[in-house]
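K.L.:
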């Protein structure tokens, strides 16, 4: 190692002092005068999350711009209700309710982070406050949030799930917020009345035990809404916000007029379970809309759109009847964390359980006046170990069929009076999920009146005509 020349500590300190004086003397003086002009804001009114009581929103951003060529000092930035406000601010890295002497350089901006915390059930649903910026002229940015009375269902720390006590009825008076797994006990029923909103935390799920029943009684005007806990607009198009609803063997579900969105799988059905599903929308799921294992479903006016694996995912056979339904899987390839094939409908007569293959046949399975379309090459994927025979029928359906080597609906006896092509949805995006048909859609007036008799009204209550449209919507 080379020798290091000795330097006197006094000489080193003197050099540092000279450097400090020089740099200080060379700095240009900064003058921050109190604000005399108006600031410009990224928004003059902010509508934050709709949130349930005793929860907090995500963090929102407000920017204040100084458009002048002079540095300014903002004497105070404060919430109108001060420390009593349900809003929380963070200004320039500081958290609080009021901030004094905040500098803002010329042609620069100030970022303010804000959120809302609802500590109790609100007396009024609309909560408002404002952020006030003092100066020569005071300026205000209004803040609004919808607060919803809520009832919480949280599994105890020492339990895998929270089990309801006996038969239970949920009404629309309060939002139901679920953390962890909620279980409907064996032989009992959970009834969810019209207009009820069920908000699911990230790892939340509902399990319906053997011989138990889930009854969802939405109406056209007041559907039941099941979704993730967050309500900012961007969350409407995101999957994986909660887990699933699961029917254990011999459990049953009766679901009408419900919007279910944004989880991993909307409905998992174990062998022997059954469901009646009418006028239901299921959209934006990481894995499947409905994932059934040797189950039984009777359904009409069902719309399932955007699922990483399959909108309708059937394994191990079973009995299924879908009439006037739409399976649209125009799933973006680039969506982070979603890598499945995005098939509109997958049908298999087997499944794998604990490393073993379980096979069961299909019985009395038919799809009528329905649409199967997506980015996958075919709208339907048949994965059958045994010939279907007469057990599966597709009648008067529109089915995408670009890979005829894998499936040729024109040559298969399973497909009767079916057509292929693009149904031309109005806006089948993750954010909109509008599955109405454009005027030039080949699915318009292409359904059979015979099957329409069993679903005389469409999803929106519109009467079907003598020449009905395929799918869940009768387009005007």
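Numbering (the working numbering), first residue to last: 3 to 478. Ideal placement from N, C-alpha and C gives every residue a C-beta, glycine not left out. A quick note: this is a predicted structure, and the numbers were derived from the prediction, not measured.
By the 10 Å Cβ neighbour count, where 16 or more other Cβ atoms means buried, how is residue 269 classified, buried or exposed?
P.N.:
Locating residue 269 in the chain shown gives position 267, where the first residue counts as 1. It is buried - the Cβ of residue 269 has at least 16 other Cβ atoms within 10 Å.
K.L.:
Taking 9 Å as the cut-off, decide whether the C-beta atoms of residue 446 and residue 458 are in contact.
P.N.:
Along the chain shown, one-based indexing puts residue 446 at 444. Along the chain shown, one-based indexing puts residue 458 at 456. Not closer than 9 Å, so no.
K.L.:
Helix, strand or coil: which one does DSSP assign to residue 4?
P.N.:
Position 2 of the chain shown holds residue 4. In this predicted model, residue 4 has a pLDDT of only 35, less than 50, meaning its place in the structure is not dependable; the value taken from the coordinates is given anyway. In this structure, residue 4 counts as coil in the three-state DSSP scheme.
K.L.:
Pairs of beta-carbons, one from the stretch 77-95 and one from the stretch 168-177, closer than 8 Å: are there three or more?
P.N.:
Contact between the stretch 77-95 and the stretch 168-177 is absent, because fewer than three Cβ pairs lie under 8 Å.
K.L.:
Under a Cβ-count criterion, where at least 16 other Cβ atoms within 10 Å of its own Cβ denotes burial, should residue 161 be classed as buried or exposed?
P.N.:
In the chain shown, counting from the first residue as 1, residue 161 sits at position 159. Exposed is the call here.
K.L.:
Beta-carbon separation of residue 330 and residue 437 under 9 Å?
P.N.:
As a working mapping, residue 330 is identified with position 328 in the chain shown. As a working mapping, residue 437 is identified with position 435 in the chain shown. Their beta carbons are under 9 Å apart, which means residue 330 touches residue 437 by this criterion.
K.L.:
Could you check what DSSP says for residue 72 in three-state terms: helix, strand or coil?
P.N.:
Along the chain shown, one-based indexing puts residue 72 at 70. In the structure shown, residue 72 sits in coil (DSSP, three-state: anything other than H, G, I, E or B).
K.L.:
Which residues bound the beta strand (DSSP E) around residue 369?
P.N.:
One-based indexing of the chain shown puts residue 369 at position 367. Element bounds for residue 369: 367-370.
K.L.:
In this structure, how does DSSP classify residue 239 when only helix, strand and coil are distinguished?
P.N.:
The count along the chain shown starts at 1 and reaches residue 239 at position 237. Note: residue 239 maps to helix in three-state DSSP.
K.L.:
Among 143, 316 and 228, which residue has its Cα nearest to the Cα of residue 131?
P.N.:
One-based indexing of the chain shown puts residue 131 at position 129. Nearest of 143, 316 and 228 to residue 131, Cα basis: 143.
K.L.:
Quick check: the Cα distance between residue 322 and residue 216, rounded to an integer number of angstroms?
P.N.:
Taking the first residue of the chain shown as 1, we reach residue 322 at position 320. Taking the first residue of the chain shown as 1, we reach residue 216 at position 214. Going by the C-alpha atoms only, they are around 19 Å apart.
K.L.:
Whole beta strand (DSSP E) runs in the stretch 389-441 with 3 or more residues, listed along the chain?
P.N.:
Counting whole runs of 3 or more residues, the stretch 389-441 contains the beta strand (DSSP E) stretches 394-397, 427-429 and 436-439.
K.L.:
Have a look at residue 464 and residue 451 and give me their C-alpha separation to the nearest angstrom.
P.N.:
As a working note, residue 464 is residue 462 in the chain shown. As a working note, residue 451 is residue 449 in the chain shown. If I take the Cα positions, the gap works out to 15 Å.
K.L.:
Under 9 Å between the Cβ atoms of residue 176 and residue 152?
P.N.:
As a position in the chain shown, residue 176 is number 174, starting the count at 1. As a position in the chain shown, residue 152 is number 150, starting the count at 1. Cβ distance < 9 Å, so residue 176 and residue 152 count as in contact.
K.L.:
Does DSSP put residue 478 in a helix, a strand or coil?
P.N.:
Position 476 of the chain shown holds residue 478. Coil.
K.L.:
Taking only the alpha-carbon atoms, compute the straight-line gap between residue 409 and residue 382 and give it to the nearest angstrom.
P.N.:
In the chain shown, residue 409 corresponds to position 407, counting from 1. In the chain shown, residue 382 corresponds to position 380, counting from 1. For residue 409 and residue 382, the distance between alpha carbons rounds to 8 Å.
K.L.:
Among the residues of its own chain, which have a CB less than 8 Å from the CB of residue 191, if the five just before and after it don't count?
P.N.:
Translated into positions along the chain shown, residue 191 becomes position 189. Here the set comprises 169, 170, 214, 215, 216 and 217.
K.L.:
In terms of DSSP beta bridges, what is residue 65 paired with?
P.N.:
The count along the chain shown starts at 1 and reaches residue 65 at position 63. DSSP output for residue 65 lists 113 as bridge partner(s).
K.L.:
Going by the CB atoms, is the gap between residue 109 and residue 69 shorter than 9 Å?
P.N.:
Taking the first residue of the chain shown as 1, we reach residue 69 at position 67. Taking the first residue of the chain shown as 1, we reach residue 109 at position 107. Yes; because the gap between Cβ atoms is below 9 Å, this pair is in contact.
K.L.:
Just checking, does the stretch 191-209 make contact with the stretch 230-248 on the three C-beta pairs under 8 Å criterion?
P.N.:
Verdict: yes, contact present.
K.L.:
With distances taken between CB atoms, is the gap from residue 40 to residue 137 smaller than 9 Å?
P.N.:
One-based indexing of the chain shown puts residue 40 at position 38. One-based indexing of the chain shown puts residue 137 at position 135. Their beta carbons are under 9 Å apart, which means residue 40 touches residue 137 by this criterion.
K.L.:
Kindly confirm or deny that the stretch 274-289 and the stretch 300-309 touch, where touching means at least three C-beta pairs closer than 8 Å.
P.N.:
Segments in contact, yes.
K.L.:
Between residue 335 and residue 347, what straight-line distance do the alpha-carbon atoms span, to the nearest angstrom?
P.N.:
Walking along the chain shown from the start, residue 335 turns up at place 333. Walking along the chain shown from the start, residue 347 turns up at place 345. Taking the straight line joining both Cα atoms gives about 18 Å.
K.L.:
For residue 452, which of helix, strand or coil comes out of DSSP?
P.N.:
Within the chain shown, residue 452 is the residue found at index 450, counting from 1. Residue state, collapsed to three classes: helix.
K.L.:
Who pairs with residue 144 in a beta bridge, going by DSSP?
P.N.:
Within the chain shown, the letter at position 142 stands for residue 144. 47 and 132.
K.L.:
If you measure between the beta carbons of residue 255 and residue 283, is that distance less than 9 Å?
P.N.:
For the purposes of this step, residue 255 is taken as residue 253 along the chain shown, with counting starting at 1. For the purposes of this step, residue 283 is taken as residue 281 along the chain shown, with counting starting at 1. In this structure, residue 283 does not lie closer than 9 Å to residue 255 by Cβ.
K.L.:
Report the three-state DSSP secondary structure of residue 85 (helix, strand or coil).
P.N.:
Within the chain shown, the letter at position 83 stands for residue 85. If DSSP states are grouped into helix, strand and coil, residue 85 belongs with the helices.
K.L.:
What are the partner residues of residue 99, as DSSP defines its beta bridges?
P.N.:
Position 97 of the chain shown, counting from 1, holds the residue named residue 99. According to DSSP, residue 99 bridges with nothing at all.
K.L.:
I'd like the list of long-range same chain contacts for residue 456, defined as Cβ closer than 6 Å, with 5 residues on each side in sequence excluded.
P.N.:
Indexing the chain shown from 1 puts residue 456 at position 454. If we look at residue 456 and ignore the five residues flanking it on each side, its Cβ neighbours are 325.
K.L.:
I'd like to check one pair, residue 386 with residue 351: are the Cβ atoms closer than 9 Å?
P.N.:
Stepping through the chain shown from its first residue, residue 351 is reached at position 349. Stepping through the chain shown from its first residue, residue 386 is reached at position 384. Against a cut-off of 9 Å, the Cβ pair of residue 386 and residue 351 comes out as a contact.
K.L.:
Use the C-beta contact count for residue 229: other C-beta atoms within 10 angstroms, 16 or more gives buried, fewer gives exposed.
P.N.:
Taking the chain shown and counting its residues from 1, the one referred to as residue 229 is at position 227. Buried.
K.L.:
Can you name the start and end residues of the beta strand (DSSP E) that residue 265 belongs to?
P.N.:
In the chain shown, counting from the first residue as 1, residue 265 sits at position 263. Run containing residue 265: none; DSSP gives neither H nor E here.
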